[in-house]
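Protein sequence lines, in the order shown, are assigned to chains A, B and C.
Okay, so the first sequence: first residue is 865 according to this note's numbering, each after it adds one.
Okay, so the second sequence: first residue is 807 according to this note's numbering, each after it adds one.
Okay, so the third sequence: first residue is 85 according to this note's numbering, each after it adds one.
No residue lacks a Cβ here, since even glycine has one placed at the ideal position from N, Cα and C.
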Amino acid sequence: MVRYIIKRFVQSLLVIWAVVTAAFFMIKATPGNPFASDKASTKFVVEQNMKIYGLDKPLSVQYVRFWNNALQGEFGYSFKYEGRSVREIIADSFPTSLKLGLLALAFAVLWGVPIGVYAAVRQNTWQDFLPMGLAMLGVGLPSFVMGPLLALLFGLKLGWFNVAGLTDWSDWVLPSATIGFFYAAYFARMARGGMLETLSQDFVRTAKAKGVPGWRIVMFHALRGGLLPVLSFLGPALAGLVVGSFVVETVFLIPGLGQHFTEAALNKDYSVVLGTAAFYCTLLVLANFLVDILQVWLNPRLRFSDA
Amino acid sequence: MVFISRSLCYLFCLLGCVSCQKRESLATVAARQKILLKGNGGEPRSLDLHLIQTTTEHQLITSMFEGLVNEDASDDTKVQPGVAETWESLDGAARWIFHLRTTAKWSDGTPLVAEDFVKTYKRQLSPNFGALYADMLYKLKNAEDYHQGKISDFAQVGVKALDSHTLELTFNGPLPYLLQVLTHFTWSPLPTHVIEKYGDLESRFNLWTRPGKMVGNGPFQLKEWKFKEYIEVERNPHYWNAAKVKLNGVRFVAVTDLATEERMFRNGRLHITEQMGLDRIPFYRSKFPDLLRINPYLGVYFFRINVTKEAFKDQRVRWALNLAVDRDTLVNQTLQGAHQPAYGLTPPMQAPYKLPRPLTFDVPKAQKLLAEAGYPGGQGFPKFSIHVNDVESHVLIAQVLQDMWKRNLGLTVGIRTESSNVFYDTQIRLDYEVSRAGWIADFIEPITFLDMWTTGNQNNNTGWSSPKFDQLMRDSYVTADPAARGKILEEAENLFMQELPIIPIYWYNKQRLVHPAVKGWNEKLLDSHPWDQVDLGEEILPEIK
Amino acid sequence: MKSAHPNIESFEHGTSLWVDAWHRFRQNWLAVLCGIMFLAIALTCFLGPLVSPYSESLTDLALKATPPSRDHWFGTDQLGRDLLVRVLYGGQISLAVGLLASLVSVIIGVAYGATAGYLGGKTDDAMMRFVDVLFGIPFIIFVILLRVVLAPYLDSSGKRLLVLFLAIGVVEWLTMARIVRGVVLSLSKMEFTEAARSLGLSSRRIIFHHLVPNTLGHVIVYATLTVPAVMLTEAVLSFLGLGVEPPQSSWGLLIKEGTAAMETFPWLLIFPALFFSVSMFCLNFVGDGLRDALDVKGAKD
């Protein structure tokens, strides 16, 4: 196990290096500069700024310098928000996104997985279709519709929640539901599929034949295997969830990390792009790693292989 | 299923709890505390006024910094004394002397002196600092040369502290409209003594603008800065006119989404929105006209024509494109009458000459011109694209133009969207045929709409260049007599409108929602509202359903 | 392990997996109903515009946005264009992009994931880390770059669509590969795989004839979830200049526009959203039905 972890760790470093390197050269290859705006600065001022931020140097020099700083944990300053270091931006906004992401995940799991499992047990009856239809809401209504809709309904019409901002604990409900609904659809579908598969396996049949009660079979025997596909999806999903969502942050005015991914890429905010990419990638690798371990744990057959 | 229904039960109980505690809205509570909640249209780039260039920061900066003069609360043609109590213009308005008020202080209590202005301008013009709007100061004598490193002695630049409270500004030529220029924030002083305390004066990574460190000289001072959420300012006790200031503070909320901003307004979380969706205008116009404010905002929305492309070199083609656009229908129907159709370049304002208005909607003439240029009925005209950045309203307008040119001229036109940053780059590289643009005035004087069209100006970007126009602009810089200067500008603008390298669409209005409790928020051409005039009353927002 | 318990009849006829599956699918009334509905929507989208008196780009600026009426069943948009015909044309784009790009992602994802899962060990590691790398690269930068590189080739709507498939397909297969790999990894430890291996079958045969069919359930479930995601991604890409060119539209774009004005002109949101969600509901129920039908062991024989 220790050997496996070390191996994965080394691989992860390689992945992060590759992603950041690719992002570095890709963003440098796109046209535009971070100091462009509707009211253009003079050419001279733009050049001055390029020099101040070291963008006048050849790419190879910039690349080496970038890693030199990055290895010391320093990703430089944002080009869009003067004087804000990438580290500060991440430190400021990640806790918010993490909290929101975990709440959304909780919502998605609590709403999606039980529906999926229940639907699988009642396969092909209205008790399968109706809950699944409910779960599918999240896919039928994209978050940029769901968010404003929830804000309008529960915020303005019913007056139960504030429509935007994070001042009160209740302000977390609408945004996490918006994200949660989307993921719940995935969880429900995949849980249903996985459960059906497991329920038809021999050990479940055996258990059934031995007279083990239905809910016990579901909870103790089938659930474990049935959630396997949910897990492979969960890895990337988890990383995506906790780094926030551009749409939800814009709609509900949440100072999360998600908007920085989109905004920085669109604004050529090089340092923020690279810093957040490295950060996201680390989370992704970590999440996938956790999921792989969980997968081994849930699937005894894999346990004695090289893992 | 039991589990689901049970959790649903809990959920509804929870929701019920929330709903039973009906609270006063934030706007009501804040109004009582005299704290204005204002939408800011986004997160500012910086609070250091040398490192900003857009309107997002404008109101923030004027709440914390004050220049030599202030805008008048309601009359756009007037200015009021600011840090300067009195002033005199010498040498045909090419040299100005300002007498600073002795009561002017920084928010840390330090007296504000003339030397502060000198140091501030020196920082802004430093060849190493990269201040984004440094060229605003190029009017100062030798400023351009110093900025570009051609001279290294700042004493030669036209700014001098004659004594602790007397400031002398010397310009390249006469500037009869200087007082209007000085209302722009680029001319405000910075607390150099504070900046130096936290690092190098000319370092870009000096964090002096953070709460607890930042010092200003305006009616308010920084209290709290929640990145990407809001910035709150509070009363500055050291402001010379503090007794006149009515508000205790302002919270600038970094909301970008139009619909979110409107919902926040209705939800009682904002007193003033920065903007609003045009589709909502008819609703407010008919149901809540008192909440809706639509005021002229000095700027022009237009499309650039790339005159370096073969087909657009012909002036007749450019006229045809212009005459085939039905501005009235576009603005009054599609844009809900939220703006004013533009029949010329410079928007309506007080100007030293009669502003030309040559544009009409004249399809037969447009068709005739196009035919004369060699494309009867649009035949043989190369397919081209309207270039816009990725904002829904721009794409909408582009579709209207696309439709009008197809219908009226028989042209096949595409639409090319690009994300904003790439979009600007494409424009600078002249890699477009027709491209969207907007220009908001820096100060109230027609020159701000004209001098951008000189050869090589960074905001020209059409490939259009006229030696005669350039010469007229240079002449205007050295002419002090208002009437003579007006004549020169009139000739320049007429020349430009005749060659027409652009397609003006509309002159901007500012549309926003204003809470009934807000007082002293007047119609202002530059949307700049002197903060000591603004107040909050007791009025409550009607329920908007 | 793999064999179901064929009844006598099917034993006699030697029915294949597919015939079996079809037989089972037909018994699932909801799935069949949804399938018919989905086809009906698709057909309407492709045939409807032919009989409509309006065209996608025909504007009536003075008319502006009007609610549904006798002349305009779905109302009109801000430029006075008939919404019904725009929804139908938009459906053509969305369905084409959604289905084709998802298909591309399924093919790549399944082949890649199954190979990685079956081969295991170092190959698996290398392949999956490659997926991690692609997953980590910021999507928007990729899109902007693609837009710039391909700018000279985007002169016709056909080519624009092709680029769209490419851009979306290239990204969407990643999760699919992870899922398939996870399933194959567990299958490859099962007895039937061992048996196949001991029979000396080639890896390729084992992967594509024995393992992949067993992953189809998961694949279908995830693929049907991918379709709506793809359709919405298309709307984002169109704004960045990679997708459809106005006045052409798509469901994603129409919904986006409709959301912006949802209180003022609710019909602009309701109709496109209705078409979108109903077809996605149907597609996903069909997906579930197919999954159940292909699940040999779960068959209630």
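Range covered by the alpha helix (DSSP H) that runs through residue i
i          : result
ARG1110(B) : Not the alpha helix (DSSP H): ARG1110(B) falls in the beta strand (DSSP E), residues 1098 to 1111.
VAL1039(B) : First-last for VAL1039(B): 1036 to 1041, but that is the beta strand (DSSP E), not the alpha helix (DSSP H).
TRP1161(A) : 1134 to 1162
PHE1058(B) : Looking at the DSSP string, PHE1058(B) is not in any alpha helix (DSSP H); the run it does join, the beta strand (DSSP E), is 1055 to 1059.
GLU1178(B) : 1169 to 1178
THR960(A)  : 950 to 985
GLU1068(B) : 1064 to 1072
LYS1293(B) : 1288 to 1305
ARG1056(A) : 1037 to 1063
ILE1203(B) : 1198 to 1215
LYS1093(B) : 1087 to 1093
GLN1121(B) : 1121 to 1129
Where the beta strand (DSSP E) through residue i begins and ends
i         : result
ALA967(B) : 965 to 969
ASN933(A) : That residue, ASN933(A), is in no beta strand (DSSP E); its alpha helix (DSSP H) goes 923 to 934.
ILE228(C) : That residue, ILE228(C), is in no beta strand (DSSP E); its alpha helix (DSSP H) goes 223 to 233.
LEU843(B) : 841 to 845
ASN913(A) : Looking at the DSSP string, ASN913(A) is not in any beta strand (DSSP E); the run it does join, the alpha helix (DSSP H), is 907 to 916.
Residue i at chain A interface by Cβ criterion, 9 Å
i          : result
ASN1265(B) : yes
ILE191(C)  : no
TRP1313(B) : no
TYR237(C)  : no
LEU1347(B) : no
LEU1295(B) : no
ILE125(C)  : no
Beta-bridge pairing of residue i - partner residues as DSSP gives them
i          : result
HIS1193(B) : ARG1222(B) and SER1241(B)
ASN876(B)  : GLN886(B)
ARG901(B)  : LEU896(B) and THR976(B)
PHE1026(B) : ARG1041(B)
GLN30(C)   : Given a span of 85 to 385 for chain C in the structure shown, any question on residue 30(C) remains unanswerable.
ASN1315(B) : PRO1102(B)
THR1268(B) : THR1268(B) is not bridged to any residue.
Residue-chain proximity (residue i, chain B), Cβ-Cβ < 9 Å
i         : result
LEU962(A) : no
SER361(C) : no
LYS903(A) : yes
heavy atom of the ligand SAM below 8 Å from residue i C-beta
i         : result
ILE867(B) : Because no ligand of any kind appears in the structure shown, any question about the ligand SAM cannot be addressed here.
Residue i at chain C interface by Cβ criterion, 9 Å
i          : result
ALA893(A)  : yes
GLN827(B)  : Confidence at GLN827(B) is low in this model, with a pLDDT of 49, below 50, so the placement of that residue is unreliable and no value is reported for it.
ASP1170(A) : Note that ASP1170(A) scores a pLDDT of 43, beneath 50, so its modelled location is shaky; the value from the coordinates is reported in the next line. Closer than 9 Å: yes.
PHE873(A)  : no
ALA882(A)  : yes
(message) Please list, in chain order, the residues of the region 270 to 282 of chain C that have any C-beta partner in chain A closer than 8 Å.
(response) SER270, LYS273 and MET274
(message) Under 8 Å: do the region 968 to 979 of chain B and the region 946 to 960 of chain B share three or more Cβ pairs, one atom per stretch?
(response) With the cut-off at 8 Å, the region 968 to 979 of chain B and the region 946 to 960 of chain B touch.
(request) Pull out every residue of the region 1201 to 1228 of chain B whose Cβ sits closer than 9 Å to any Cβ of chain C, in chain order. (result) VAL1201, LEU1202, ALA1204, GLN1205, VAL1206, GLN1208, ASP1209, MET1210, LYS1212, ARG1213, GLY1220, ILE1221, ARG1222, THR1223, GLU1224, SER1225, ASN1227 and VAL1228
(message) When you compare the region 219 to 226 of chain C with the region 291 to 307 of chain C, are there three or more beta-carbon pairs, one atom per stretch, that lie closer than 8 Å?
(response) no
(message) Short of 8 Å Cβ to Cβ, which residues in the region 1128 to 1154 of chain A face chain B?
(response) LEU1130, ASN1131 and LYS1132
(request) Determine, using beta-carbon pairs with one atom in the region 887 to 894 of chain A and one in the region 1127 to 1138 of chain A, whether at least three such pairs fall under 8 Å. (result) Counting C-beta pairs closer than 8 Å gives three or more between the region 887 to 894 of chain A and the region 1127 to 1138 of chain A, which meets the contact rule.
(request) Count the C-beta pairs between the region 208 to 221 of chain C and the region 360 to 368 of chain C that are closer than 8 Å, then say yes if the count reaches three, no if not. (result) Taking 8 Å as the limit for Cβ pairs, the verdict is that the region 360 to 368 of chain C does not touch the region 208 to 221 of chain C.
(request) Answer yes if the region 1130 to 1139 of chain B comes into contact with the region 1260 to 1274 of chain B, meaning at least three C-beta pairs across the two stretches below 8 Å, and no otherwise. (result) no
(request) Scan the region 1043 to 1073 of chain B for residues whose Cβ lies nearer than 9 Å to a Cβ of chain A and list them as they occur along the chain. (result) VAL1059, ALA1060, VAL1061, THR1062, ASP1063, ALA1065, THR1066, GLU1067, ARG1069, MET1070, ARG1072 and ASN1073
(request) Determine, using beta-carbon pairs with one atom in the region 340 to 360 of chain C and one in the region 203 to 216 of chain C, whether at least three such pairs fall under 8 Å. (result) no
(message) Closer than 8 Å between beta carbons: that is the criterion. Which residues of the region 1177 to 1196 of chain B meet it against chain A?
(response) none
(message) So if I threshold CB-CB distances at 7 Å, which residues from the region 1140 to 1158 of chain B count as touching chain C?
(response) Residues of the region 1140 to 1158 of chain B with a C-beta atom less than 7 Å from some C-beta of chain C are THR1140, listed in chain order.
(request) Specify whether the region 1319 to 1329 of chain B and the region 1095 to 1102 of chain B touch according to this definition: at least 3 beta carbon pairs, one from each stretch, less than 8 Å apart. (result) yes
(request) Spell out a yes or no on whether the region 841 to 849 of chain B and the region 1052 to 1060 of chain B are touching, meaning 3 or more CB-CB pairs, one atom from each, closer than 8 Å. (result) yes
(message) So if I threshold CB-CB distances at 8 Å, which residues from the region 934 to 957 of chain B count as touching chain A?
(response) Taking 8 Å as the Cβ-Cβ cut-off against chain A, the residues of the region 934 to 957 of chain B that qualify are ASN934, PHE935, GLY936, ALA937, LEU938, TYR939, ALA940, ASP941, HIS953 and GLN954.
(request) Could you name the residues of the region 1085 to 1102 of chain B whose beta carbon sits closer than 8 Å to any beta carbon of chain C, in the order they occur along the chain? (result) ASP1085, ARG1086, PRO1088 and PHE1089
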